[in-house]
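Going by the numbering used here, the sequence shown opens with residue 39, and the numbers climb by one from there.
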Amino acid sequence: MTRAVHDFLFTVYPYICLAVFLLGSLARFDRDQYTWKSDSSQLLRSGQLRWGSNLFHIGILFLLFGHTVGLLTPHWLYEPFISAGQKQMLAVVSGGTAGLLCFIGLTLLLQRRLSDPRIRATSQPTDIAILVVLWAQLVLGLVTLPFSVHHRDGGTMMILADWAQGIVTFRPNASALAVVDWPFKAHMVLGMTLFLLFPFTRLVHVWSGLASVGYLFRPYQVVRSRRLNLAADRTEPRRPA
């Protein structure tokens with residue numbers, strides 16, 4: 039990889055992906071709200087879907103939360119409680135377990151969609167494509183685990199976290215990634231590409247999942263039974279005319 043390509047991928051490309059991710063999601067919500075969903079194929083075949091979907095969603099939610107907290111939490115915030123090396127090994131164990139569960143679930147979902155003629159006939163090309171990209175991303179993530187175990191001092195994790203925090207604060211430092219092993223870089227580039235593809239696939243339903251958190255804090259809905267009201271009207275004494 040040349041220096042120019044390296045600098046583009048880890049300095050400019052992240053902002054392109056984030057811009058398309060945000061603006062594309064907004065445009066799709068504004069123009070194509072009827073496609074803002076994940077089409078269910080449960081009626082066609084439910085057994086394998088239950089295992090695959092549950093394992094995939096449990097794993098992917100843990101990975102999303104873990105990557106966000108692990109990369110964007112400043113080192114000084116957790117340094118009094120846990121060292122960088124300990125944090126990296128914690129990420130290897132917990133992330134590896136979640137990644138394996140997610141990989142098994144996604145493999146079941148992908149095999150189900152490709153092997154069942156009815157499900158494949160009702161699938162959009164983007165449905166299969168995004169599952170393949172996610173599958174490849176999980177494989178790359180699992181490949182990084184032995185490299186992380188080899189660097190137990192937490193140095194690699196610190197470099198990746200500094201880069202991610204630099205992206206958020208508009209101070210990207212691509213040169214620091216020069217010493218990072220290739221699986222990490224491939225994993226990062228494909229992860230950014232997922233943000234680029236997000237608005238054009240069924241992944242947009244993730245926004246609805248995040249918005250549903252507000253459901254927990256909604257005010258109670260007052261429901262009055264019409265049947266009870268009619269019964270009360272019949273039993274209420276009436277004044278003579």
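Beta carbons: idealized from backbone N, C-alpha and C, even for Gly. Since this is a predicted model, take the numbers as computed values, not measurements.
- Using a C-beta cut-off of 8 Å, the segment 163-172 makes no contact with the segment 104-111, since fewer than three inter-stretch Cβ pairs fall below that distance.
- Per the C-alpha coordinates, the member of Phe119, Ala214, Phe222, Pro163 positioned closest to Leu183 is Phe222.
- Distance from Thr49 to Pro163 at the Cβ level is roughly 32 Å; contact not present, criterion being Cβ atoms closer than 8 Å.
- Leu101 is positioned such that its CB atom lies closer than 8 Å to that of Cys140.
- Excluding sequence positions up to five before and after Phe46, its CB lies less than 7 Å from no other CB in the same chain.
- Segment contact: the segment 118-131 against the segment 186-197, three or more CB-CB distances shorter than 8 Å; contact assigned.
- Runs of alpha helix (DSSP H) with 4 or more residues, each lying fully within the segment 117-195, are found at 122-153, 155-159, 163-188, listed in chain order.
- Our two residues, Trp201 and Ser213, have alpha carbons roughly 9 Å apart in a direct line.
- Per DSSP, the unbroken alpha helix (DSSP H) holding Val227 starts and ends at 220-235.
- Within a 10 Å sphere around the beta-carbon of Thr194 sit 16 or more other beta-carbons, which makes this residue buried.
- Going by DSSP, Leu56 is part of the alpha helix (DSSP H) stretching over 51-69.
- The criterion of a C-beta distance shorter than 8 Å is satisfied by Ser132 and Gly104.
- The residue from Phe67, Ala216, Ala199 with its alpha-carbon nearest to that of His44 is Ala216.
- With a cutoff of 8 Å on beta-carbon distance, Leu232 and Val218 are scored as not near each other.
- Spatial neighbours of Met230 in its own chain (CB-CB distance under 7 Å, excluding positions within 5 residues in sequence) are listed in chain order as Tyr51, Pro52, Cys55.
- For the 8 Å CB-CB criterion, Leu178 and Ala224 form a contact.
- Judged by DSSP in its simplified three-state form, Asn211 adopts coil rather than helix or strand.
- One thing to note: Ile142 has its Cβ no nearer than 8 Å to the Cβ of Leu64.
- In this chain, the alpha helix (DSSP H) harbouring Arg41 covers 41-45.
- Take Leu234, set aside five residues on each side of it, and the residues of its chain with a beta-carbon closer than 8 Å to its own are Ile54, Cys55, Val58, Phe59, in chain order.
- The DSSP-derived three-state label of Thr239 is coil.
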